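Colleague:
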Amino acid sequence: MKLKSTQFIIALSLLIIGIGIVVTTTLPQATKYYVTVDEFLQDTSKYDQQSIKLAGRVVPGSIEKNTQDLTWEFKVKETDKTVNVFYQGAMPDTFKDESDVVLTGSYAGERFVATEVLAKCASRYEEKLEPSLQMQTVSSVEKRGVE
Amino acid sequence: MSTYLSPEKLGQYSIYLALMVCVFGFLTAIFAQVKKRTVYVRVVRNSVWAMSLAVLTATICLWQCLLTGRYHVEYVHQHANDTMPTIYKLAALWGGQNGSLLFWLLILCIYSSVVMWQNRQKNYNFLPMVAAVLLAIAGFFLVLISFDADPFSVVPFSIDYGQGLNPLLQNYYMIIHPPSLYLGYVGMTVPFAFAMAALITGQLDNRWIVQVRSWTLIAWFFLSLGNLLGSSWAYEVLGWGGYWAWDPVENAAFIPWLTASAFLHSAIIQEKRGMLKTWNMALVILSFVMTLLGTFLTRSGIVSSVHSFAQSNIGTYFLVILIMTVGTSVGLLLYRLKDLRSAHELDAIVSRESAFLFNNLVLVGAAFAILWGTLFPVLSEWVRGTKITVGAPYFNSIMVPIGLILLFLTGVGPLVAWRKTSQEQLKKHFLWPAVFLVMSSLVLLFVAPKTSSLLTNIYINISFSLCAFVTATIFFEYKHGIVLRQKFFKESPLTALMRLIISNKRRYGGYIVHLGLVLLFVGFTGSAYRHEKEFKLKINQVAKIKNYTLKFETLYPDNNQHREKVIAKINVWKHKTFFGELKPSLIYYTPSRNQEAQQGTEISVIRSIKEDVYAAMITFSPQDQSIYLKIIITPLINFIWFGGLLLVLGGVVVMLPSSKEGAIYA
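Heads up: the sequence lines are chains P and X, in that order. The working numbering numbers the first residue of the first sequence as 40 and each following residue consecutively. The working numbering numbers the first residue of the second sequence as 21 and each following residue consecutively.
(1) With contact counted as at least three CB pairs below 8 Å, one residue from each stretch, are the stretch 543-550 of chain X and the stretch 479-490 of chain X in contact?
(2) I need the straight-line Cα distance from Thr621(X) to Asp132(P), nearest angstrom please.
(3) How about Thr154(P): is its C-beta nearer than 8 Å to some C-beta of chain X?
(4) Should Met518(X) be labelled buried (16 or more other beta-carbon atoms within 10 Å of its own) or exposed?
(5) Taking C-beta pairs closer than 7 Å, name the residues in chain X that Leu93(P) reaches, listed in chain order.
(6) What does the alpha-carbon distance come out to for the pair Glu28(X) and Arg90(X)?
(7) Starting from the C-beta of Met216(X), find all residues in its chain whose C-beta is less than 6 Å away, skip the five residues before and the five after it, and write them out in chain order.
(8) In chain P, what lies closer than 7 Å to Gln619(X) by C-beta?
(9) Distance cutoff 8 Å, beta carbons only. Does Glu28(X) sit that close to anything in chain P?
(10) For Trp3(X) and His449(X), I'd like the C-alpha separation in whole angstroms.
(11) Who are the Cβ neighbours of Val309(X) in its own chain at under 8 Å, not counting the five residues just before and after it?
(12) Show which residues of chain X have a CB atom less than 9 Å away from the CB atom of Val74(P).
(13) Closest by CA to Gln290(X), which one among Leu339(X), Tyr263(X), Trp253(X), Arg361(X)?
(14) How about the stretch 45-54 of chain P and the stretch 64-71 of chain P: do they share at least three Cβ pairs that are nearer than 8 Å?
(15) Near Thr58(X), what residues of its chain come up, given a Cβ to Cβ distance below 6 Å and the 5 sequence neighbours on each side ignored?
(16) Which residues of chain X have a Cβ atom closer than 7 Å to the Cβ of Lys71(P), listed in chain order?
(17) So that I know if they touch, is there some Cβ in chain X lying closer than 8 Å to that of Val61(P)?
(18) So the beta strand (DSSP E) Asn591(X) belongs to, where does it begin and stop?
(19) Which same chain residues end up closer than 6 Å to Leu86(X) when comparing Cβ atoms and leaving out the 5 residues on each side of it in sequence?
(20) In chain P, what lies closer than 8 Å to Leu381(X) by C-beta?
(21) Whole-angstrom Cβ separation of Ile149(X) and Ile220(X), contact assumed at under 8 Å?
(22) If distances are taken between C-alpha atoms only, which option among Ala282(X), Thr610(X), Leu557(X) comes closest to His582(X)?
(23) Compare the C-beta of Thr83(P) with all C-beta atoms of chain B and state if any pair is closer than 8 Å.
(24) List the residues of chain P that Pro692(X) touches, going by C-beta distances under 9 Å, in chain order.
(25) Residues of chain P with CB under 9 Å from Tyr634(X), in chain order?
(26) Against chain X, with Cβ distances strictly below 8 Å, would Leu66(P) count as a contact?
(27) Go through its chain and collect everything with a Cβ distance to Val76(P)'s Cβ below 6 Å, but skip five positions before and after it.
(28) Cβ of Met301(X) within 8 Å of Cβ of Leu237(X)?
(29) Using the three-state DSSP reduction, which class does Ser171(P) fall into: helix, strand or coil?
(30) Under the assumption that Leu669(X) contacts Leu557(X) (Cβ atoms under 8 Å), give the Cβ distance between them as a whole number of angstroms.
(31) Exposed or buried, which one is Phe170(X) when buried takes at least 16 other CB atoms within 10 Å?
(32) Can you tell me whether Lys525(X) is helix, strand or coil according to DSSP?
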């Protein structure tokens, strides 16, 4: 039996179709909505009763940690409105005030119950000089100049 | 104003100089090729070297700035501080966006210089085009660094402190994992340059593929090593006991590894049988394009990832070069399509060629499935306006069957002959491995512990039996070779083994890679039995998990000027015998100026061949001296590290220069 390039192309197409079928059947089960806090708050009913990913920033001072039963309550926000979050379990080391977090979980009426917290902490990996800091430094330089 | 040239100025000037030399070299290379004036090759070569020297100077300048704390250089301010050990000041070169682009460029320059050195007396008729492609890509990075991602940009006022590298990154792996991955990533540029030169000049005989094969091997080697180190880093430091998360950036490094693996196999078919020329060309292009796409995804911030860089417009640059590269290379490929016709056709379905072909299809199929999952969120947002994410379950459910098919082919490939395999041969080669396959499957049916999912149990059975099968085929291949040598040369078995490998490094080194792959699969399969549990313990309390008993003995501090550390001491018994001691700890890094305190978790593992007992202290409460402990038991995980090392080692054997090859292709 000879295998010609046309047959090769057929084999290739069959493989692509095969993988395509597997991909298209598994993909919907493995996908989740990915929304920011503001998008989420626009219409919370849209995401009711389903697992989604919620991206926001931890509101400074909002973290309440209970070491007795290892539960966490904190708020996340994007611009001004906040969402209350409840989580039980291990926290990543990068989690703290102002961390950018991606929460996996679902909304139960009043609060977002997270099953997984991913803290990106992008601001720490790559931080631009804050304008306020620049001002401070400049003024201290100027002051020194005056003295 | 000081009169001497500061390192940041010198660095900046070096970059500008490199850019000018690069443009000059590129134009000369085009001229040399168009006018067929090989005398200009020397000028091109010297340009590449001069550019590389300038880039090296710039890199040393940035290192100098990092080492001496010139914090008014923005990059230095962001990624270094006085308290960092010297080694991390050096590693800060690839700790951030702009520095890592310079580092990328440096590696590209080193590779390009080596190519120019290797070919200083040969391949003059297409070398200018190789140089032109390399210079064009280097030029892209030089433009990027000169105009948009300047690692030498300074702030117009003095700053006397730096923010330093994130403590989480101040880890042994930070020194070796990123450079290894970059070496792999950038390594794909050289094969691409040779492929483009062959397409442009139309010299499509086997010369380019020999060069491309060895350079792809280098890139493949470093990608393997880089991914292995990354997994190990994740397991020990960042991943709560996981080693692979299907994060977009991990995928971005895995996809070119898959396509490169495919090419390394199909290149053999082209060398031996003159087949699959178009396909090979496509694979080389694809591998390079995937490195660009991966970089684009990572740096543009369009997919969310734990490896996120700050969002910046350099993603746009990568998108532009990506489109240009795809356009040019696909155009050239179509233009030369008729010259890339196969010298032979496949003779039979059951042949080495077709086994390699299937392996290629599966590898590329896997690459596409992963690419699709990685890109799907972006596409979904474009098309439907809603952003979604694709989770690990997708990747696992497609990669497990694909992986098993690959494992099967790993065993079958070496057993079938070139061109055509007769039934006699099939029987002879397959009998014992097939017996092993069936036997181990049956034994496993009774022996292997069951998980809650039937499908998982089936997969575990298939995976372990295939591992036994492939190991058997490799064993018989070696045995066959050793017995022959013993017969002819009267060698001892060990000498015969060594000489066997040395006499045909590609083949027997390849088998070592395959054996490494088998061990990897053993490790991956073991993870199906992963077991984790959280405990809250007070001093002297005991926790039980599987057949282990853990007793929380004490909590004690260990402080120094950089950090405060709290260590929990836990004794572990297996059944009734003492098994070892776990010392997970929590670290609070002393905040340097303008920084918040950062917390770190230092895990503790008792390793054994059978399984790892892994402990992380999640938190502790000073009031009642209690701790929260996460315990993870991962069976067979050390097979992943052994297997990975063996795979990389096999790669080294394959890469060793072979006198035979030299004789043929000199």
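For glycine and all other residues, C-beta sits at the position ideal for the given N, C-alpha and C. Quantities reported herein were computed from a predicted structural model and do not represent experimental measurements.
Modeller: This is what the structure gives:
(1) Yes: the two stretches touch, three or more of their Cβ pairs being nearer than 8 Å.
(2) For this step, residue 621(X) is matched to residue 601 along the second sequence. For this step, residue 132(P) is matched to residue 93 along the first sequence. Their Cα atoms are separated by approximately 7 Å.
(3) Position 115 of the first sequence, counted from the first residue, corresponds to residue 154(P). Not one chain X Cβ lies under 8 Å of Thr154(P).
(4) As a working mapping, residue 518(X) is identified with position 498 in the second sequence. Met518(X) should be labelled exposed.
(5) Your numbering for residue 93(P) matches position 54 in the first sequence. Neighbours of Leu93(P) on chain X: none; closest Cβ ~11 Å, over 7 Å.
(6) Position 8 of the second sequence, counting from 1, holds the residue named residue 28(X). Position 70 of the second sequence, counting from 1, holds the residue named residue 90(X). For Glu28(X) and Arg90(X), the distance between alpha carbons rounds to 9 Å.
(7) The count along the second sequence starts at 1 and reaches residue 216(X) at position 196. Around Met216(X): Val153.
(8) Residue numbering aside, residue 619(X) sits at position 599 when the second sequence is read from its first letter. Neighbours of Gln619(X) on chain P, chain order: Asp132.
(9) Taking the second sequence and counting its residues from 1, one reaches residue 28(X) at position 8. It does not; no Cβ of chain P falls within 8 Å.
(10) The first residue shown for chain X is 21 and the last is 686, placing residue 3(X) beyond what the model contains.
(11) Counting from 1 along the second sequence, the entry for residue 309(X) is found at position 289. Excluding sequence neighbours, Val309(X) sits near Leu342, Thr345, Val346, Ser349.
(12) Taking the first residue of the first sequence as 1, we reach residue 74(P) at position 35. What Val74(P) touches in chain X: Thr406, Lys407.
(13) On the second sequence, residue 290(X) is found 270 positions in, with the first residue counted as 1. Of the candidates Leu339(X), Tyr263(X), Trp253(X), Arg361(X), the one whose C-alpha sits nearest the C-alpha of Gln290(X) is Arg361(X).
(14) Not touching, per the Cβ criterion.
(15) For the purposes of this step, residue 58(X) is taken as the residue at position 38 of the second sequence. Within its own chain, the residues whose Cβ lies closer than 6 Å to the Cβ of Thr58(X), once the five positions on either side in sequence are excluded, are Tyr144, listed in chain order.
(16) By 1-based counting over the first sequence, the position of residue 71(P) is 32. Within chain X, the residues Ile408, Thr409, Gly411 have their CB atoms less than 7 Å from the CB of Lys71(P), given in chain order.
(17) Here residue 61(P) refers to the residue found at position 22 of the first sequence. Yes, Val61(P) counts as interfacial toward chain X.
(18) By one-based count along the second sequence, residue 591(X) stands at place 571. Segment 583-594, the beta strand (DSSP E) holding Asn591(X).
(19) Sequence index remark: in the second sequence, residue 86(X) carries index 66 (1-based). Short of 6 Å from the beta carbon of Leu86(X), and not among the five residues preceding or following it, lie these beta carbons of its own chain, in chain order: Val96, Ala100, Lys109, Ala112.
(20) Translated into positions along the second sequence, residue 381(X) becomes position 361. In chain order: Ala50, Leu51, Leu54.
(21) Mapped onto the second sequence, residue 149(X) falls at position 129. Mapped onto the second sequence, residue 220(X) falls at position 200. Note on identity: in this sequence residue 149(X) is Met, with Ile being the wrong assignment. Confirmed, Cβ separation roughly 5 Å.
(22) One-based indexing of the second sequence puts residue 582(X) at position 562. Of Ala282(X), Thr610(X), Leu557(X), the residue nearest in Cα terms is Thr610(X).
(23) In summary, chain B is missing from the structure at hand, where the protein chains are P and X.
(24) Residue 692(X) is absent from the structure shown; chain X starts at 21 and stops at 686.
(25) Stepping through the second sequence from its first residue, residue 634(X) is reached at position 614. Correct list: empty, because the minimum Cβ distance to chain P is about 13 Å.
(26) Taking the first residue of the first sequence as 1, we reach residue 66(P) at position 27. Taking 8 Å as the threshold, the shortest C-beta distance from Leu66(P) to chain X falls below it.
(27) The residue labelled residue 76(P) in the question sits at position 37 within the first sequence. Closer than 6 Å at the Cβ level, and outside the excluded window around Val76(P), lie Gly95, Val115, Lys116, Glu117, Val122.
(28) On the second sequence, position 281 is the one that residue 301(X) refers to. On the second sequence, position 217 is the one that residue 237(X) refers to. Taking 8 Å as the Cβ cut-off, Met301(X) and Leu237(X) do not qualify as a contacting pair.
(29) Within the first sequence, the letter at position 132 stands for residue 171(P). A caution first: Ser171(P) carries a pLDDT of 38, below 50, which makes its placement in the model unreliable, though a value can still be read off. Of the three classes helix, strand and coil, the one that applies to Ser171(P) here is helix, per DSSP.
(30) As a first step, residue 669(X) is located in the second sequence; it is residue number 649 there, counting from the start. As a first step, residue 557(X) is located in the second sequence; it is residue number 537 there, counting from the start. Contact annotation, Leu669(X) with Leu557(X): C-beta distance approximately 42 Å; criterion of less than 8 Å not satisfied.
(31) Here residue 170(X) refers to the residue found at position 150 when the second sequence is read from its first residue. Reading the sequence as shown, one finds Asp at residue 170(X) and not Phe. Asp170(X) is buried by the Cβ-count criterion.
(32) Indexing the second sequence from 1 puts residue 525(X) at position 505. Of the three classes helix, strand and coil, the one that applies to Lys525(X) here is helix, per DSSP.
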